[in-house]
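If you read the sequence shown in this note's numbering, its first letter stands for residue 1089, the second for the next number, and so on.
Backbone N, C-alpha and C fix where the C-beta goes; we use that ideal spot for every residue, glycine too.
See structure below.
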Amino acid sequence: MLPILKRYFRSPVAILGLTLLLAVVALALSADLLFPRNPLALAGRPLQWPLASPRFWLGTDNLGRDIAAQIFHGARLSLLIGVVATSIAIVGGVLIGAIAGYFGGMWDEALMRLTDAFQTLPNFLLLLLLVAVFGSRIETVVIAIGVVSWPAPARLTRAEFLSLRHREFVEAGRLSGLGDFRLIFTEILPNALPPVIVYASVVMATSILLESALAFLNLSDPNVPSWGNLVGQGRSVLRSEWYVCAIPGIAILLTVLAVSLVGQGLNDVLNPRLDDQ
C-alpha cells in the first residue's frame, strides 16, 4: 500500500485532482449542516449578487433561491450521479467484454454487434431518446447515463481478455480443473481490471457532464438541486446576472477536472512501466 501511495503522490497533478475531489466531497458532506433547509425553497429577493447580502454569500438565482445551498447540495447529487452511473456502465461493460473476450466465436460476434448497435448513435443522442421514452426522473436519468456508457468499457475489457486468455497462468488454472466461471473472475479479471479502473474516471466525468447537459436543456429532473438545473435557470439572465450560470459552471468544471486528474494519477500507479522509474 505504501509504495502505491508514494507513486500516486509523486505526481503533482494527481495531488491537485485528489485535493479538488476531496473539496467537492467536503461540500457534499457539509450540505445538511450548513444548509439544513430545502435548497430549492424560496429564500429571498431574486437575483441578489454574491456578497450583496450576508445571508446569501453566493447570491440568489432568478427565482430567489440560495445559490450556495444549491451548490453544496448539488455536489452530493453530482457525486452520486457519477458513482452510480459509472458503476452501472463498468459492471455491464466488464461482464459483456469478459464473456466476449473469453469465449470468442459466436458469443464474441453477437455481443460485439450489440455493442456496435449502441455506438451507432452518439451517447448524448441515445440518452435523449431514453429520457424521452422513460421520463426525466433523476433515477431514470442516472440509469440511462449508465446504459449509454457501457460500450467503451466492454471493448476495453474484451481487448484485455483476448490478450490474457491464453497466458500461462490461465492455462495452468485450466489444467488444474478450474471452471470457466472461476477462470474469468479469479484469474483473468483481476489482471484485466487496471485499465478499466483508470477508464472509470473518464466515465464518471462524462456522466456528470451528461446530466448537466440534460439539465441545461430542461430535460433532467427539475425537483433536485442539480448544478445543471441552476445553469439552465440562469440562461434567461445570462447577459445581466451572469454569475447565476458562472458559479455552477465553475463547480462542474472543477469537479470534472478533479475526477480526470485522479484518473491520471491512478494511471500512473497502475502503469507497470513506471516501476523502473
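8 Å contact criterion, which residue i and residue j should meet: CB distance rounded
{"i": "ALA1129", "j": "ARG1153", "result": "7 Å"}
{"i": "VAL1112", "j": "LEU1167", "result": "7 Å"}
{"i": "THR1228", "j": "VAL1219", "result": "7 Å"}
Whole-angstrom distance between residue j and residue i, CA atom to CA atom
{"i": "GLY1316", "j": "ALA1114", "result": "20 Å"}
{"i": "LEU1214", "j": "ARG1098", "result": "40 Å"}
{"i": "GLU1329", "j": "ALA1301", "result": "20 Å"}
{"i": "LEU1252", "j": "LEU1183", "result": "16 Å"}
{"i": "ALA1280", "j": "PHE1249", "result": "7 Å"}
{"i": "GLY1180", "j": "LEU1202", "result": "13 Å"}
{"i": "TRP1137", "j": "LEU1121", "result": "24 Å"}
{"i": "ILE1176", "j": "PRO1142", "result": "42 Å"}
{"i": "GLY1162", "j": "VAL1221", "result": "26 Å"}
{"i": "ARG1323", "j": "ASP1204", "result": "36 Å"}
{"i": "ASP1364", "j": "GLU1256", "result": "The predicted position of ASP1364 is uncertain, since its pLDDT is 44 and thus under 50; a value taken from the coordinates is nonetheless stated next. Their Cα atoms are separated by approximately 24 Å."}
{"i": "ALA1119", "j": "PRO1127", "result": "9 Å"}
{"i": "THR1294", "j": "ALA1232", "result": "13 Å"}
{"i": "GLY1337", "j": "ALA1303", "result": "12 Å"}
{"i": "GLY1193", "j": "GLY1353", "result": "36 Å"}
{"i": "LEU1117", "j": "PHE1144", "result": "20 Å"}
{"i": "VAL1258", "j": "PHE1191", "result": "13 Å"}
{"i": "LEU1326", "j": "ILE1155", "result": "15 Å"}
Below-8 Å beta-carbon distance, residue i vs any chain B residue
{"i": "GLY1320", "result": "Of the protein chains in this structure there is only one, and it is not chain B."}
Cβ-based neighbour list, residue i, same chain, cut-off 7 Å, excluding 5 preceding and 5 following
{"i": "VAL1312", "result": "LEU1165 and ILE1226"}
{"i": "ALA1188", "result": "TRP1195, ASP1196, LEU1199, MET1200 and ARG1246"}
{"i": "VAL1368", "result": "Missing from the structure shown is residue 1368; the chain here goes from 1089 to 1365 and no further."}
{"i": "PRO1367", "result": "Look at the range of the chain in this structure, 1089 to 1365, and you will see that residue 1367 is not part of it."}
{"i": "GLY1351", "result": "VAL1286, SER1289 and VAL1290"}
{"i": "SER1224", "result": "LEU1307, SER1308 and ASP1309"}
Proximity below 8 Å, CB of residue i to CB of residue j
{"i": "GLU1299", "j": "SER1289", "result": "no"}
{"i": "GLY1265", "j": "GLU1275", "result": "no"}
{"i": "GLN1321", "j": "LEU1151", "result": "yes"}
{"i": "PHE1206", "j": "PRO1239", "result": "yes"}
{"i": "VAL1286", "j": "LEU1358", "result": "yes"}
{"i": "VAL1230", "j": "ASN1211", "result": "no"}
{"i": "PHE1123", "j": "ALA1157", "result": "yes"}
{"i": "ILE1169", "j": "ILE1335", "result": "no"}
{"i": "VAL1319", "j": "ASP1149", "result": "no"}
{"i": "ILE1453", "j": "ILE1340", "result": "The question about residue 1453 has no answer here: the residues shown for the chain are numbered 1089 through 1365."}
{"i": "ALA1186", "j": "LEU1277", "result": "yes"}
Neighbourhood of residue i by C-beta, 8 Å cutoff - its chain only, sequence neighbours within 5 removed
{"i": "ASP1356", "result": "ARG1095, TYR1096, ARG1098, SER1099, ALA1102 and LEU1362"}
{"i": "ALA1140", "result": "GLY1147"}
{"i": "GLY1234", "result": "VAL1172, ALA1173, THR1174, SER1175, ILE1176, ALA1177, GLY1180 and SER1295"}
{"i": "LEU1305", "result": "GLY1320"}
Beta-carbon proximity list for residue i, same chain, < 6 Å, skipping 5 on both sides
{"i": "MET1292", "result": "GLY1170, THR1174 and VAL1347"}
{"i": "ASP1268", "result": "none"}
Between the region 1101–1120 and the region 1344–1359, can you find at least three pairs of beta-carbon atoms closer than 8 Å? yes
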